Structures are given as C-alpha cells and as structure tokens.
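Asks: Dropping a structure here in structure tokens format, bear with me for questions.
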Amino acid sequence: MKELKPTDREYLLSKIRDVKDFPKPGIVFKDITTLLNDREAFSFLMDHLEQRYREYDLDFIAGIDSRGFIFGSALSDRLGVGFVPIRKAGKLPYTTIAEKYALEYGFDEVEIHIDAFRGKEDAKVLLIDDLIATGGTAVAAANLINKAGAKCVEACMVLNLTFLEGREKLEKITPLYSVLDIS
Ligand code: AMP
C-alpha cells in the first residue's frame with residue numbers, strides 16, 4: 008500500500024495531540040508522543056512505512072534531529088539499512104558538513120558527518136522527520152545528503168502543515184511523501 012486510506016489517516020490523526028501555544032503563543036504544536044506511546048498506532052504507522060519503502064531499495068535513512076530519529080531508526084531496522092542522524096549544529100563529534108537556513112527571525116544550522124554514507128557513491132537515501140512546516144529544515148537536510156555525496160530519493164514526513172507551503176520548497180530538491188496532511 009503506497010498511501011493510506013482516508014479512514015486509516017483519520018485513525019492516525021486521532022492519535023496526535025494538539026498543544027496550543029507551545030512553544031510560544033499562536034503555535035499549535037503537533038505532539039506525536041501520544042502516537043508513540045500507543046503500541047498499536049505506532050506499529051500501524053511503521054507497518055505502512057515499511058510496506059511503502061521496502062521496494063525503494065534504499066541504502067540509508069537519514070533522520071532529522073530529534074523526532075526524525077525515532078521514526079528513522081525504527082524504519083532503518085525494519086528495512087535492514089543504516090541510519091544517519093542529521094543534527095543541530097555542534098552536536099556531531101566528527102568532521103561535519105553544515106547547512107544554514109533562515110527562520111522567521113535569524114538562522115538555524117544542521118550538520119551531517121562527512122563520511123555518513125560510508126563512501127558509497129550515489130547511495131539512495133530516504134530523509135525522514137515528524138513534520139514539515141515552512142520546509143526550511145527539510146530543504147537544508149536534503150541539501151546536506153546530496154552534499155555528502157549521496158542522493159536524497161524522497162523525503163517522508165508524518166505530518167505536513169500544508170498552509171505553510173513547505174512542499175513547494177522541498178519538491179524543488181526531492182519528492183515529498185506526507186502520511187498526514189493538515190490544512
Ligand atoms: P520547518 O523548518 O518550518 O518546516 O519546521 C520543521 C521542524 O520544526 C520539524 O523538525 C518539526 O518537528 C518542527 N515543528 C515546526 N512546527 C511544528 C508544529 N506545529 N508542531 C510540531 N513540530 C513542529
């Protein structure tokens with residue numbers, strides 16, 4: 008199954024909690040901890056991702072700091088491929104490649120280890136995170152994968168806040184699969 012049925016999407020959406028005014032007034036934070044601590048819902052989501060990505064013949068999955076690590080490492084283990092963390096600046100211990108991106112006010116930066124893909128030329132990499140909002144983080148992460156000598160074949164986000172139009176930015180670099188769209 009490549010995409011979920013509407014009833015399955017409703018089921019998963021019902022497991023995600025909205026927290027108003029976090030981390031600042033006006034933001035509705037999509038809290039995935041209520042999905043993760045529900046054994047059946049988490050396993051249902053992971054079954055779906057495993058089915059979708061089994062045929063992609065991936066070499067690695069790269070997850071974005073920090074909730075992308077949860078889905079990314081679980082999926083890597085299911086598919087039998089390596090996992091690569093993309094982290095906020097200053098967290099990775101070895102030599103890194105960095106990419107800055109603009110926030111509403113100021114900049115943020117993500118990094119990847121220079122040898123993250125173990126020298127495998129054009130390694131096929133899936134990028135994964137819990138949520139795409141404006142797309143800045145995902146665009147920077149996809150750029151890092153490509154700069155590190157691999158190929159970002161798709162980005163997978165559990166949630167897409169469609170009204171912030173991240174898809175439009177990201178799809179200039181890589182296709183996006185969002186499990187759940189929120190408009
Ligand atoms: P952006 O770069 O604007 O696409 O923001 C995406 C990153 O910020 C992801 O790593 C998300 O986990 C986090 N994020 C942004 N907005 C929200 C939100 N409303 N709820 C939960 N996480 C969010």
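Numbering follows the working numbering, in which position 54 of the sequence shown is assigned residue number 61; successive positions increment by one, without gaps. Where a beta carbon is used, it is the ideal one built from N, C-alpha and C, also for glycine. Model, not experiment: these values are computed from the prediction.
At which residues does the beta strand (DSSP E) containing F51 begin and terminate?
Replies: Position 44 of the sequence shown, counted from the start, is the residue given in the question as residue 51. Run containing F51: none in the beta strand (DSSP E); it sits in the alpha helix (DSSP H), R46 to R61.
Asks: Can you check which of these residues, L166, G143 and I93, is closest to D38 by C-alpha distance?
Replies: For the purposes of this step, residue 38 is identified with residue 31 of the sequence shown, where counting begins at 1. Per the Cα distances, L166.
Asks: Cβ of V35 versus every heavy atom of the ligand AMP: is any distance shorter than 7 Å?
Replies: As a working mapping, residue 35 is identified with position 28 in the sequence shown. Correct: V35 has its Cβ closer than 7 Å to the ligand AMP.
Asks: If I'm right that L138 touches R16 with Cβ under 8 Å, what's the distance once you round it to whole angstroms?
Replies: Start at 1 with the first residue of the sequence shown, and residue 138 comes out as number 131. Start at 1 with the first residue of the sequence shown, and residue 16 comes out as number 9. At roughly 15 Å, the Cβ-Cβ gap does not stay under 8 Å, so L138 and R16 are not in contact.
Asks: Can you determine whether any heavy atom of the ligand AMP sits closer than 7 Å to the C-beta of G143, and answer yes or no?
Replies: Against the sequence shown, residue 143 aligns to sequence position 136. Yes.
Asks: Which word fits I71, buried or exposed, when buried means at least 16 other C-beta atoms lie within 10 angstroms of its C-beta?
Replies: To locate residue 71, count along the sequence shown from 1; it is residue 64. Buried, by the Cβ-count rule.
Asks: What does the Cβ neighbour count give for E106, buried or exposed, with the cut at 16 atoms within 10 Å?
Replies: The sequence position of residue 106 within the sequence shown is 99, counting from 1. It is buried - the Cβ of E106 has at least 16 other Cβ atoms within 10 Å.
Asks: Does the ligand AMP have even one heavy atom less than 7 Å from the beta-carbon of R46?
Replies: Reading the sequence shown from its first residue, position 39 is the one you call residue 46. Answer for R46: no, Cβ out of range of the ligand AMP.
Asks: Return the chain-ordered list of same chain residues with a C-beta closer than 7 Å to the C-beta of T103, the five sequence neighbours on each side being excluded.
Replies: Reading the sequence shown from its first residue, position 96 is the one you call residue 103. Contacts found: E118, I119, H120 and I121.
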